[in-house]
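Undergrad: Numbering (the working numbering), first residue to last: 9 to 337.
The beta-carbon is built from N, C-alpha and C at its ideal position, and this holds for glycine as well.
Shown below is the structure under consideration.
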């Protein structure tokens, strides 16, 4: 299991300026973390070292010996973090001078089982972005030019989801079959038969499903909450659950909100082993947004190369990450 958790950036006091990282009790329990353990949290833009404090009602990462809350605050603010942000983070135990090695203590967290994602950078260079767009737009997938396949996908969903069962099944089948949302070898029947199950599931909740998708704020502004993602993903279950199929369908309807949960896109984000649960998709969205925000200049340069092929900066970044991930195979 990938060792990730949610780092909650908060103020130490209601009217104070000092920031700290709060860690939920559920993450502490899930990872077997212990009070007093020295940890390093990789928040993508910055790494914070501290000592886990579980006393009191709100577990948090306190300063190490010789460190200070002020230093943690400075590091967080220097990386652009503010009060109220929830940030997907990877975690690793560390050994502090003069202490025992926490990696050998009891519990499932260990130096070997908990990698820090060394490959992740929240900033993509302009040259990498432009090169990736150029390569993506010239490449083919299943016999079709990538840009032609993308245009067909957005065209099929330009009016949202169909309310007729056969038309809706056609839409879902296209995503699963032509756009790689499903793999036939994992099915006891054809992709269209699985798509028909998903289409019926969607029709049962369609009004609420459409409203949530329509009302969603762009990813650059906010991240969908886990409950919302869980509901939107829930119809995409037949012989198995299909989070990638769900994310691709959502993307074609709202390409400014929902990034595609693709294995290649996950790699340059340092999330190669991330699964597809609603919680993990939200972690993917959090890290995706970090890059979206910090790479604006590079995206602007890539946009000129893209020549209007992408309907949003989110799609532009999706193409860049996909192509960068292809090179990491």
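(1) Given residue 254, which residues of its chain have a CB within under 7 Å of its CB, disregarding the five upstream and five downstream residues?
(2) Taking the alpha carbon of residue 206 as the point to measure from, which residue in 173, 278, 221, 218 has its own alpha carbon closest?
(3) So, helix, strand or coil for residue 279, using DSSP?
(4) Which value, in whole angstroms, describes the spacing of the CA atoms of residue 15 and residue 68?
(5) Determine whether the beta carbon atoms of residue 59 and residue 79 lie at a separation below 8 Å.
(6) Throw me the rounded Cβ distance for the residue 319 and residue 162 pair, which I believe falls under 8 Å.
(7) Would the beta-carbon of residue 210 fall within 8 Å of that of residue 300?
(8) Taking its Cβ as the centre, do 16 or more other Cβ atoms sit within 10 Å of residue 271, making it buried, or is it exposed?
(9) What does the alpha-carbon distance come out to for the pair residue 149 and residue 20?
(10) Given that a residue counts as buried once 16 or more other Cβ atoms are within 10 Å of its Cβ, and exposed if not, what is residue 4?
(11) State buried or exposed for residue 295, treating a residue as buried only when at least 16 other CB atoms are found within 10 Å of its CB.
(12) Please list, in chain order, all residues of the same chain as residue 81 whose beta carbon is under 6 Å from its beta carbon, the five residues on each side excluded.
(13) Considering only DSSP beta bridges, list what residue 148 is partnered with.
(14) Exposed or buried, what is residue 263 when buried is set at 16 or more other beta-carbons lying within 10 Å of its beta-carbon?
(15) Would residue 331 and residue 100 be called neighbours here (beta carbons separated by less than 8 Å)?
(16) With H, G and I counted as helix, E and B as strand and the rest as coil, what does DSSP make of residue 14?
(17) Between the segment 220 to 239 and the segment 275 to 291, are three or more C-beta pairs nearer than 8 Å?
(18) By the 10 Å Cβ neighbour count, where 16 or more other Cβ atoms means buried, how is residue 202 classified, buried or exposed?
(19) If you run the structure through DSSP and keep just helix, strand and coil, what is residue 264?
(20) Can you tell which of 55, 155, 13, 84 has its C-alpha closest to the C-alpha of residue 316?
(21) If we call anything under 8 Å between Cβ atoms a contact, is residue 53 one with residue 88?
(22) I want to see whether chain C comes within less than 8 Å of residue 157, judged by CB atoms only; does it?
(23) Check the DSSP bridge columns for residue 257 and list the partner residues they point to.
(24) Would you identify the three-state DSSP class for residue 95, choosing helix, strand or coil?
(25) From which residue to which residue does the beta strand (DSSP E) around residue 61 run?
(26) Name the one or two DSSP bridge partners that residue 70 has.
(27) Closest to residue 185 by CA distance: which of 224, 252, 218, 134 is it?
(28) What does the alpha-carbon distance come out to for the pair residue 22 and residue 61?
(29) For residue 312, does the count of other Cβ atoms within 10 angstroms reach 16, so buried, or fall short, so exposed?
(30) Does the separation of the CB atoms of residue 12 and residue 291 fall below 8 Å?
(31) Does the beta carbon of residue 75 fall short of 7 Å from some heavy atom of the ligand HEM?
(32) Per DSSP, what kind of secondary structure is residue 31 in: helix, strand or coil?
(33) From residue 49 to residue 178, what does the alpha carbon distance come to, in whole angstroms?
(34) Over the uninterrupted beta strand (DSSP E) stretch that includes residue 49, give me the two end residues.
(35) Considering residue 239, what are the terminal residues of the alpha helix (DSSP H) in which it resides?
TA: The structure says:
(1) Along the chain shown, one-based indexing puts residue 254 at 246. 240, 241, 244, listed in sequence order.
(2) One-based indexing of the chain shown puts residue 206 at position 198. It is 173 whose Cα lies nearest to the Cα of residue 206.
(3) Translated into positions along the chain shown, residue 279 becomes position 271. Correct three-state label for residue 279: coil.
(4) Locating residue 15 in the chain shown gives position 7, counting from the first residue. Locating residue 68 in the chain shown gives position 60, counting from the first residue. Distance between the alpha carbons of residue 15 and residue 68: 9 Å.
(5) What you label residue 59 is simply residue 51 of the chain shown in a count that begins at 1. What you label residue 79 is simply residue 71 of the chain shown in a count that begins at 1. Result no, Cβ atoms of residue 59 and residue 79 do not sit closer than 8 Å.
(6) Along the chain shown, one-based indexing puts residue 319 at 311. Along the chain shown, one-based indexing puts residue 162 at 154. With a Cβ gap of about 6 Å, residue 319 and residue 162 count as contacting.
(7) Here the question's residue 210 lines up with position 202 in the chain shown. Here the question's residue 300 lines up with position 292 in the chain shown. Taking 8 Å as the Cβ cut-off, residue 210 and residue 300 do not qualify as a contacting pair.
(8) As a working mapping, residue 271 is identified with position 263 in the chain shown. Counting Cβ neighbours within 10 Å, residue 271 comes out exposed, since fewer than 16 surround it.
(9) Locating residue 149 in the chain shown gives position 141, where the first residue counts as 1. Locating residue 20 in the chain shown gives position 12, where the first residue counts as 1. The alpha-carbon atoms of residue 149 and residue 20 are separated by roughly 51 Å.
(10) Given a span of 9 to 337 for the chain in the structure shown, any question on residue 4 remains unanswerable.
(11) Taking the chain shown and counting its residues from 1, the one referred to as residue 295 is at position 287. Buried, since its Cβ has 16 or more Cβ neighbours within 10 Å.
(12) For the purposes of this step, residue 81 is taken as the residue at position 73 of the chain shown. The answer, listed in chain order, is 26, 27.
(13) On the chain shown, position 140 is the one that residue 148 refers to. In DSSP, residue 148 forms a bridge with 153.
(14) Residue mapping note: residue 263 aligns to position 255 of the chain shown, counting from 1. Burial call: buried.
(15) For the purposes of this step, residue 331 is identified with residue 323 of the chain shown, where counting begins at 1. For the purposes of this step, residue 100 is identified with residue 92 of the chain shown, where counting begins at 1. No, these two residues do not count as a Cβ contact at 8 Å.
(16) As a first step, residue 14 must be located in the chain shown, where it is residue number 6. In this structure, residue 14 counts as strand in the three-state DSSP scheme.
(17) yes
(18) For this step, residue 202 is matched to residue 194 along the chain shown. Looking at its Cβ environment, which holds 16 or more other Cβ atoms inside 10 Å, residue 202 is buried.
(19) Looking up residue 264 in the chain shown gives position 256. In the structure shown, residue 264 sits in coil (DSSP, three-state: anything other than H, G, I, E or B).
(20) For this step, residue 316 is matched to residue 308 along the chain shown. Comparing Cα positions, the closest option is 155.
(21) Your numbering for residue 53 matches position 45 in the chain shown. Your numbering for residue 88 matches position 80 in the chain shown. Yes. Within cutoff.
(22) Checking the listed chains, one finds no chain C in this structure; it contains a single protein chain.
(23) Taking the first residue of the chain shown as position 1, residue 257 is located at position 249. Looking at the DSSP assignment, residue 257 forms no beta bridge with any residue, so it has no partner.
(24) The count along the chain shown starts at 1 and reaches residue 95 at position 87. Residue 95: strand per DSSP, three-state reduction.
(25) Sequence index remark: in the chain shown, residue 61 carries index 53 (1-based). Taken as a continuous stretch (DSSP letters only), the beta strand (DSSP E) holding residue 61 covers 55 to 61.
(26) Within the chain shown, numbered from 1, the residue matching residue 70 stands at position 62. Looking at the DSSP assignment, residue 70 forms a beta bridge with 59.
(27) The sequence position of residue 185 within the chain shown is 177, counting from 1. Nearest C-alpha to residue 185: 252.
(28) Here residue 22 refers to the residue found at position 14 when the chain shown is read from its first residue. Here residue 61 refers to the residue found at position 53 when the chain shown is read from its first residue. Distance between the alpha carbons of residue 22 and residue 61 is about 20 Å.
(29) As a working note, residue 312 is residue 304 in the chain shown. Exposed is the call here.
(30) By one-based count along the chain shown, residue 12 stands at place 4. By one-based count along the chain shown, residue 291 stands at place 283. Yes, the pair counts as a contact, with Cβ atoms nearer than the cut-off.
(31) In the structure on display, the ligand HEM does not appear, and there are no ligands present to speak of.
(32) Reading the chain shown from its first residue, position 23 is the one you call residue 31. If DSSP states are grouped into helix, strand and coil, residue 31 belongs with the strands.
(33) Residue 49 sits at position 41 when you count from the first residue of the chain shown. Residue 178 sits at position 170 when you count from the first residue of the chain shown. Each residue's Cα considered, the two are about 45 Å apart.
(34) For the purposes of this step, residue 49 is taken as the residue at position 41 of the chain shown. Element bounds for residue 49: 46 to 50.
(35) Taking the chain shown and counting its residues from 1, the one referred to as residue 239 is at position 231. Start and end: 234 to 241.
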